[in-house]
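Student: Chains as they are written, first to last, in the numbering used here: chain A, 839 to 1565; chain B, 105 to 195.
Think of the CB as a built atom: it goes at the ideal place given N, C-alpha and C, for glycine as much as any other residue.
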Amino acid sequence: MSGADELIHLLTDRLSPDPELQRDVAAELRAHLEDCAAEFRQAGQSDEQAAASAAKAMGDPRELSDQLWQANRGRMRLRGVLRWAAGAALLPAAVAAVAILVLTHGWPLRPDLQFGSSWAPERLTKDQAFLLYGDPQARSRLEEAKSISDRWPDNPVYYGNYAIHQLTVWEGINGTPPPHLAEGLAMLDKGERIDPKNAYYNYAKASWLIRASSTLADDPKHTYELRDARGQVTTRPFSLITIQDPAMFRRGLEEFRRGLAKPFFASRSIDMTNERLALLPQHQKFLDVVREAEMTAETILPDLQGWLGLGKSLSAYALARVGTDGQEAIGLTRSAVAMADQMGKGSQTLIEMFVAVSIRATALASERRVYAELGRQNMAKQAQQELDRQQDLIRDIRSRPSLDRDQIKHTGMLWSLVTPALPGLRANFAPLRTAETWAVTQFALLELLAVLVVISAALAVISAVSWAINRRQNRPMLLFVGWRRIARICLLSIVLPLAVYGVYAYAVTAPPDAYGLNCSAGRVVMEFAVVVSVVCTLLLGLSYTAVRKRCEELGLEVPPPRHLRKRWIVVLLASLLALAVIGYEIYWWSWIPTARPGEWAGPWYEWAGVSVPSPTFPSSFGVILGGTMLVFTAIFVIVEFARLLRKRLGLFRRTLFRSLSPILSSAVILVAIVCGYALSRAESSAARQIVGDAAMGFTNEIEKSDYSLLRQQFGTWQAQDAAEMAR
Amino acid sequence: MYGYELVKVVNARTNGRLEWKEGTLYPTLHQLESRGLVRGQWADAPAMEAPGRKRKYYSITPKGRAELTRRSEEWRQFTQAVNACLFGGAL
Chain A
839 MSGADELIHL
849 LTDRLSPDPE
859 LQRDVAAELR
869 AHLEDCAAEF
879 RQAGQSDEQA
889 AASAAKAMGD
899 PRELSDQLWQ
909 ANRGRMRLRG
919 VLRWAAGAAL
929 LPAAVAAVAI
939 LVLTHGWPLR
949 PDLQFGSSWA
959 PERLTKDQAF
969 LLYGDPQARS
979 RLEEAKSISD
989 RWPDNPVYYG
999 NYAIHQLTVW
1009 EGINGTPPPH
1019 LAEGLAMLDK
1029 GERIDPKNAY
1039 YNYAKASWLI
1049 RASSTLADDP
1059 KHTYELRDAR
1069 GQVTTRPFSL
1079 ITIQDPAMFR
1089 RGLEEFRRGL
1099 AKPFFASRSI
1109 DMTNERLALL
1119 PQHQKFLDVV
1129 REAEMTAETI
1139 LPDLQGWLGL
1149 GKSLSAYALA
1159 RVGTDGQEAI
1169 GLTRSAVAMA
1179 DQMGKGSQTL
1189 IEMFVAVSIR
1199 ATALASERRV
1209 YAELGRQNMA
1219 KQAQQELDRQ
1229 QDLIRDIRSR
1239 PSLDRDQIKH
1249 TGMLWSLVTP
1259 ALPGLRANFA
1269 PLRTAETWAV
1279 TQFALLELLA
1289 VLVVISAALA
1299 VISAVSWAIN
1309 RRQNRPMLLF
1319 VGWRRIARIC
1329 LLSIVLPLAV
1339 YGVYAYAVTA
1349 PPDAYGLNCS
1359 AGRVVMEFAV
1369 VVSVVCTLLL
1379 GLSYTAVRKR
1389 CEELGLEVPP
1399 PRHLRKRWIV
1409 VLLASLLALA
1419 VIGYEIYWWS
1429 WIPTARPGEW
1439 AGPWYEWAGV
1449 SVPSPTFPSS
1459 FGVILGGTML
1469 VFTAIFVIVE
1479 FARLLRKRLG
1489 LFRRTLFRSL
1499 SPILSSAVIL
1509 VAIVCGYALS
1519 RAESSAARQI
1529 VGDAAMGFTN
1539 EIEKSDYSLL
1549 RQQFGTWQAQ
1559 DAAEMAR
Chain B
105 MYGYELVKVV
115 NARTNGRLEW
125 KEGTLYPTLH
135 QLESRGLVRG
145 QWADAPAMEA
155 PGRKRKYYSI
165 TPKGRAELTR
175 RSEEWRQFTQ
185 AVNACLFGGA
195 L
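1) Hey, residue 935 of chain A and residue 1507 of chain A: beta-carbon distance below 7 Å or not?
2) So, using beta-carbon positions, are residue 1183 of chain A and residue 1100 of chain A closer together than 7 Å?
3) Closer than 8 Å by C-beta to residue 990 of chain A: which residues in its own chain qualify, once you throw out the five before and the five after it? Chain order, please.
4) Of the residues A:1147, A:1203, A:1189, which one's Cα is nearest the Cα of residue 1171 of chain A?
5) When the distance is taken between beta carbons, is residue 1080 of chain A closer than 7 Å to residue 1053 of chain A?
6) How should residue 1023 of chain A be labelled, buried or exposed, when 16 other C-beta atoms within 10 angstroms of its C-beta is the threshold for buried?
7) Report yes if the C-beta distance between residue 1430 of chain A and residue 1373 of chain A is below 7 Å; otherwise report no.
8) For the alpha helix (DSSP H) containing residue 1490 of chain A, name the first residue and the last one.
9) Less than 7 Å between the C-beta atoms of residue 1141 of chain A and residue 1552 of chain A, yes or no?
10) Which bits of chain B does residue 867 of chain A rub up against, with CB to CB less than 9 Å?
11) Under the rule that 16 or more other beta-carbon atoms within 10 Å means buried, what is residue 905 of chain A, buried or exposed?
12) Start and end of the beta strand (DSSP E) containing residue 1062 of chain A?
13) Let me confirm a value: residue 1207 of chain A is counted as buried when at least 16 other C-beta atoms fall within 10 Å, else exposed. Which label applies?
14) Can you name the start and end residues of the beta strand (DSSP E) that residue 161 of chain B belongs to?
15) State the start and end residues of the unbroken beta strand (DSSP E) segment that holds residue 1072 of chain A.
16) Which class does residue 1102 of chain A belong to by DSSP, given the choice of helix, strand or coil?
17) Return no unless some Cβ of chain A is closer than 7 Å to the Cβ of residue 138 of chain B.
18) Which of the three DSSP states, helix, strand or coil, is assigned to residue 1565 of chain A?
19) What span of residues does the beta strand (DSSP E) with residue 147 of chain B cover, start to end?
20) Is there a C-beta anywhere in chain B that falls below 7 Å from the one on residue 856 of chain A?
21) CB-CB under 8 Å to residue 1371 of chain A, same chain, minus the five flanking residues each way: which ones, in chain order?
22) For residue 895 of chain A, decide whether its Cβ has a neighbour in chain B, counting only Cβ atoms nearer than 7 Å.
23) Since I believe residue 1144 of chain A is in contact with residue 1274 of chain A (beta carbons under 8 Å), could you give me their beta-carbon distance rounded to a whole number of angstroms?
24) In the DSSP assignment, find the alpha helix (DSSP H) that holds residue 999 of chain A and state where it starts and stops.
25) Please list the partners that residue 912 of chain A has in chain B, where partner means a Cβ-to-Cβ separation under 8 Å.
26) What in chain D is Cβ-close to residue 135 of chain B, meaning under 7 Å?
27) With H, G and I counted as helix, E and B as strand and the rest as coil, what does DSSP make of residue 1036 of chain A?
28) Give me the DSSP bridge partner(s) of residue 106 of chain B.
29) Residue 1290 of chain A and residue 1497 of chain A: beta carbons closer than 7 Å?
30) State whether the stretch 1288 to 1304 of chain A contacts the stretch 1482 to 1499 of chain A, with contact taken as three or more CB pairs (one from each stretch) at a distance under 8 Å.
31) Suppose you measure from the CA of residue 1312 of chain A to the CA of residue 847 of chain A; what does that come to, to the nearest Å?
32) Would you mind working out which of A:916, A:1473, A:1543 sits nearest residue 1408 of chain A, comparing C-alpha positions?
33) Determine the extent of the alpha helix (DSSP H) in which residue 1205 of chain A is found, giving its start and end residues.
34) Does residue 159 of chain B have its Cβ less than 7 Å from a Cβ in chain A?
35) Kindly indicate which residue of A:1481, A:980, A:1148 has the alpha-carbon position closest to the one of residue 1097 of chain A.
36) Give the range of the alpha helix (DSSP H) segment to which residue 1344 of chain A is assigned.
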């Protein structure tokens, strides 16, 4: 150690609790001594004399050491507190910020979708929560439905919902006798007492009794032709019925006739779902819509196979009776048509309505054959004409415009998966599509923050280990790079890139004809990858530069600066990637207006289990390009940090790692608060608009489409049936 | 202005009449810096003077400038009062 070094060590030794400040003051004093000694040398002194003169000019070392300590001790105390706070609080605060985002918005990470939606149980009244979720002790949907019915025993909707759940368990395999016939009939009897004007219970009893007392088989000799909705003629067999228990079969027919006299038919499970949906507050998040769709999809439909079986049995029995009692046969087929009309009018879902259509078609075909076998050709012709009119109406509705390929591009991921191409669909896609986009953007932001938190935590752990195993002089320092520098780093590496992307994202998301994620997911994933790469590269790069500069000021050995010309391979690869991204963007925006659904949506539909035949290259390319960008960034960062593994850079490396952790944590907190809040507001704003034509699902698909005309027609037919029966 | 430069300027302006040890400048600068009256920033020394070396340059902050104005006024009033007392307004 030289004389100057000894003097500086003596002067700054009392500042050692703050190694950074000690080094800073030492570097400043060393610069002074060098300047002073240089002047003495110029005056003709030798090197030794000049150094001694410079040291002498500084004054009494002990007195000066004490003065330096006095002047800096307040600062040291404050910096100690700040350093402790930065080390102990910033990383946990960053983790907390990300955790809050995960808990409130990070739904893809959570299998329990109920959590985080704005209608979690604690936000509902006790009765509302019970109606939505049933008894908390319930272990299954069945127990849940039973608990609701038990709590409000006279409510026909709640009992009907429970009955459908229970009968689904008891009904057994279609085509075989129900294994719990007595229990099922008792349950249906109770339902009829609670809901006496509803024909559902009578038809269900008739279905169970007839199924238990007879068997059906295809008639190999007799078939009928049916022109389907596409105009193609298909051949269907009539059914043959074998009655094993005539008494029970007659009981079934009696229940059927009692049902015909009832004013309406309603399977209550959809009513139950609608009642639950009506309880829910206004959507606040995209998650609320997903949860709502999930709840709707959980609706248990009534025994549609049983309805079809009942219709076939009635028609088959009518055909069996035509030889012995023609009038009864005619009456039975007419009654089967009337039942179908009643069911069609009361149907709340498309599948229920199409079951009614099928029963009606079978009954009309049977009616035509009954009349034909009785020699009443005119009536047979009328029955055929009625059947043709039904099929013509369906064909007419189906031929109306439905979602075309251009409209589907604007529906968004969720809508494109759950919305069938219904004719005459009246829908406003924008709010759901926008909410979905912002929700996914929040998820991407969360991924970025999670990556930064993981890096920050890893650096903190490495620093802690390094601090523990190194001796005092070599321990890593937590540098104060300065608030201005941190602010500049955050501004340039985070605020600016995210703001630019935010403006771009808003510009392409906000218009009414914006493209949904169902066709833009590949591009959006690539853009997210670009933003993450840019933010990570800038954040780590600028932070590295700031820490390096500070270390240089403190006299630490730092790696030499590397200019771009020395990194020509990195620059070349980055430029190629940037060109590929720009090229892909230009290509995508020119290609998407003419693209066919399978071309853009392939991976996403396949992911959802829907197969598409067309190639999926353009969409996949965005994902591949984004993935390449992320891998390139990761390799670049790793290689850059690997340069620091040289032993002489050990203290700089350790100091860099220790100082980067709080910088990254600060950045995470800033972004989580600002961007998290902004995106949450944008998502809520869009989600609140998901009402009316913007809300669509399983329960209102008839009302929202031209199939409402078919239901109206069922109403007309039912009125005609009632008038006929009255005659 | 860096520390050694300050010493030179003070010595030049006072023609060396102020007897002081150069080292005492730094505790003073650090106190001023702690109080936010001056700001120290490291920068490269001019290549002609000290190539490849860094120096810590101090600049006065707005808060420091306000404090300087206040202290200057105090000093002016103090010297006026002392002059008045000693020389009866002859100076």
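Tutor: Taking the geometry as given:
1) yes
2) Going by C-beta atoms, residue 1183 of chain A is not nearer than 7 Å to residue 1100 of chain A.
3) 996
4) A:1203
5) For residue 1053 of chain A and residue 1080 of chain A, yes; Cβs fall inside 7 Å.
6) buried
7) no
8) Per DSSP, residue 1490 of chain A belongs to the alpha helix (DSSP H) from 1488 to 1525.
9) no
10) 107, 127, 130
11) buried
12) For residue 1062 of chain A, the uninterrupted beta strand (DSSP E) run begins and ends at 1052 to 1065, by DSSP.
13) buried
14) 158 to 164
15) 1071 to 1081
16) strand
17) yes
18) When secondary structure is reduced to three states using DSSP, residue 1565 of chain A falls in the coil class, being assigned neither helix nor strand.
19) 142 to 148
20) no
21) 1467, 1468, 1470, 1471
22) Flagged as an interface residue toward chain B: residue 895 of chain A, by a C-beta distance shorter than 7 Å.
23) So it is not a contact: roughly 38 Å between Cβ atoms.
24) 994 to 1008
25) 138
26) The chain labelled as chain D is not found among the protein chains of the depicted structure, namely A and B.
27) strand
28) B:161
29) no
30) As far as the Cβ criterion goes, the stretch 1288 to 1304 of chain A touches the stretch 1482 to 1499 of chain A, which means the pair count is three or higher.
31) 16 Å
32) A:1473
33) 1188 to 1211
34) yes
35) That would be A:1148, whose Cα lies nearest to the Cα of residue 1097 of chain A.
36) 1334 to 1347
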